[in-house]
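Right, dumping it as structure tokens:
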């Protein structure tokens, strides 16, 4: 499982961080920061939520 | 003959409906999923309608929620351009306006909401609402050539349309019966603090006064206000709220009162029928009050929740989200979490109004009820987490902080 981020699309909504704070955070400028690029399988459901809950469609999940 | 597969029919193909359908497949559901959409367009995302679509910066293709290929890959049956028209719970069928009857085992009501329009106003050319993609494209055409635009209603839609129209060079007047735009949500005091944002962008505000009537010939020409004044306008945008689309449920036994009434698990009064998104009214256990939320984040979260309930049964705790909504106006990001009481004033705890970067807390009896963050997305995260604490509704603010696990 690999997370792809388009930081240019991020609009600082923070829904990804709410969905899974162990994997996502916002940096000082409010732009998404991935804490773990290849999270373990047990986080898949929450990571998928983060991807689908992003209004700006800045996140993708591969694998 | 093999037994027919379990079939989930989702009435409504916008965000809540699409998310329900996706989540059913994500959770391994291998029965049939039928998605019924009233519009001819493929499902699309609504927030860009008042911003980038209206500004002509993106096309409809770029805001699609689901392509034909994705629908095929997920084995979703798309029924676009047809409307749910009646429900027969005894026979477990959904009637469409095409005359067709769809059998269902589980039905999700996700028919959303429709823009309100006062009677008689739409008789004039030049009067617009903004709810659907077609509305947005029609308004976009109307804004070409920098017309004079009057926006009736200073809520989310009105303010965002004003922002986009102003950026397109239009002369814009917002008419809001309360003291300032956004006051219905944020309360007068905080809304007045924010009024400098549209004013600095060159938007005219007419607050504390309502629209009495429109005047014109075939086209609208002016907006007459209750104080006797007149706002000349080539285009009028009506942003006075939305009503849940529930008329088709009348006589079905599904209880409706300004939305489809649901329990804490998003189940309606009729077995096998659930609701999600703008149309659903339920008691949020986290806040201890009834809610009906017309915002993006709720549509996606509630859709996912309903899918899980259909497949796995009732979930501990029920549907208990922290409501969250954002609005982009004149380059300023507003984010609101929780439910502000408009009779309260937000207490600024960070930043300041003058720097257009602040956080205001709405508290009731020392309890945090809501947060407004202006250009402060990182701080908002902290408060969204705090609002999500199950004790948020009970303990005083200090006790709640102490009760949080230390980082």
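Protein chains in written order, with the UniProt record's numbering: chain A, 1 to 63; chain B, 1 to 407. Think of the CB as a built atom: it goes at the ideal place given N, C-alpha and C, for glycine as much as any other residue.
From the beta carbon of residue i, is the nearest beta carbon of chain A less than 8 Å away?
i, result
"residue 52 of chain B", "no"
"residue 378 of chain B", "yes"
"residue 372 of chain B", "no"
"residue 356 of chain B", "no"
"residue 386 of chain B", "no"
"residue 326 of chain B", "yes"
"residue 381 of chain B", "yes"
"residue 22 of chain B", "yes"
"residue 19 of chain B", "yes"
"residue 5 of chain B", "no"
"residue 407 of chain B", "Summary for residue 407 of chain B: the model assigns pLDDT 30, below 50, so the residue's position carries little reliability; its value from the coordinates is reported in the next sentence. No, no contact with chain A."
Verify the CB distance criterion: does residue i have a CB-CB separation below 8 Å to chain B?
i, result
"residue 53 of chain A", "yes"
By Cβ distance below 7 Å, which residues in the same chain neighbour residue i in space, the five residues on each side in sequence not counted?
i, result
"residue 258 of chain B", "244, 281 and 292"
"residue 5 of chain A", "32, 34, 58 and 59"
"residue 52 of chain B", "58"
"residue 294 of chain B", "113, 242 and 278"
"residue 179 of chain B", "188, 191, 192, 207 and 208"
"residue 50 of chain B", "130, 157, 160, 161 and 164"
"residue 76 of chain B", "21, 33 and 35"
"residue 215 of chain B", "221, 222 and 224"
What does a CB cutoff of less than 8 Å around residue i pick up in its chain, not counting 5 residues either side in sequence?
i, result
"residue 152 of chain B", "158, 175, 211, 223, 236, 237, 238, 239 and 240"
"residue 397 of chain B", "Residue placement at residue 397 of chain B is poorly supported in this model, since its pLDDT is 38, which falls under 50; the coordinates still yield a value, given next. Here the set comprises 363, 366, 367 and 368."
"residue 3 of chain B", "none"
"residue 38 of chain A", "1, 2 and 3"
"residue 40 of chain B", "80 and 81"
"residue 341 of chain B", "187, 362, 364, 369 and 370"
"residue 388 of chain B", "286 and 322"
"residue 197 of chain B", "329, 330, 332 and 356"
When burial is assigned at 16 or more other CB atoms within 10 Å of the CB, is residue i buried or exposed?
i, result
"residue 67 of chain B", "exposed"
"residue 92 of chain B", "buried"
"residue 219 of chain B", "exposed"
"residue 394 of chain B", "Legend: pLDDT at residue 394 of chain B = 44, less than 50; position of this residue unreliable, no value from coordinates given."
"residue 101 of chain B", "exposed"
"residue 173 of chain B", "buried"
"residue 48 of chain A", "buried"
"residue 386 of chain B", "buried"
"residue 377 of chain B", "buried"
"residue 30 of chain A", "buried"
"residue 195 of chain B", "buried"
"residue 142 of chain B", "buried"
"residue 48 of chain B", "buried"
"residue 392 of chain B", "Low local confidence applies: a pLDDT of 45 at residue 392 of chain B is under 50, so the model's placement there is unreliable, with the coordinate-based value given in what follows. So residue 392 of chain B counts as buried."
"residue 231 of chain B", "buried"
"residue 154 of chain B", "buried"
"residue 288 of chain B", "exposed"
"residue 132 of chain B", "buried"
"residue 252 of chain B", "buried"
"residue 349 of chain B", "exposed"
Looking only at its chain, what residues have a beta carbon closer than 6 Å to the beta carbon of residue i, apart from the 5 residues adjacent to it on each side?
i, result
"residue 262 of chain B", "268, 275, 280 and 282"
"residue 380 of chain B", "335 and 373"
"residue 83 of chain B", "38 and 97"
"residue 177 of chain B", "210"
"residue 226 of chain B", "209, 210 and 212"
"residue 19 of chain A", "46, 49, 50 and 53"
"residue 9 of chain B", "34, 94, 102, 104 and 107"
"residue 272 of chain B", "106"
Does the beta carbon of residue i come closer than 8 Å to any beta carbon on chain E?
i, result
"residue 9 of chain A", "You won't find chain E in this structure, because its protein chains are A and B."
Below 8 Å between beta carbons is the criterion; list the residues of the stretch 293-313 of chain B that meet it against any residue of chain A, in chain order. 296, 297, 300, 301 and 304
Taking only beta carbons into account, state which residues of the stretch 15-48 of chain A come closer than 7 Å to chain B, listed in chain order. 15, 17, 18, 26, 30 and 48
Is the stretch 300-316 of chain B touching the stretch 328-341 of chain B, taking contact as three or more C-beta pairs under 8 Å? no
Give, in chain order, every residue of the stretch 24-50 of chain B whose Cβ lies closer than 7 Å to some Cβ of chain A. The residues in question are 26 and 47.
Within 8 Å of chain A by C-beta, residues of the stretch 63-86 of chain B in sequence order: Within the stretch 63-86 of chain B, no residue has a Cβ that lies closer than 8 Å to any Cβ of chain A.
Quick one: which residues of the stretch 104-134 of chain B get their C-beta closer than 8 Å to a C-beta of chain A? List them in chain order. none
How about the stretch 10-22 of chain B and the stretch 35-49 of chain B: do they share at least three Cβ pairs that are nearer than 8 Å? The stretch 10-22 of chain B makes contact with the stretch 35-49 of chain B, as at least three CB pairs between them are under 8 Å.
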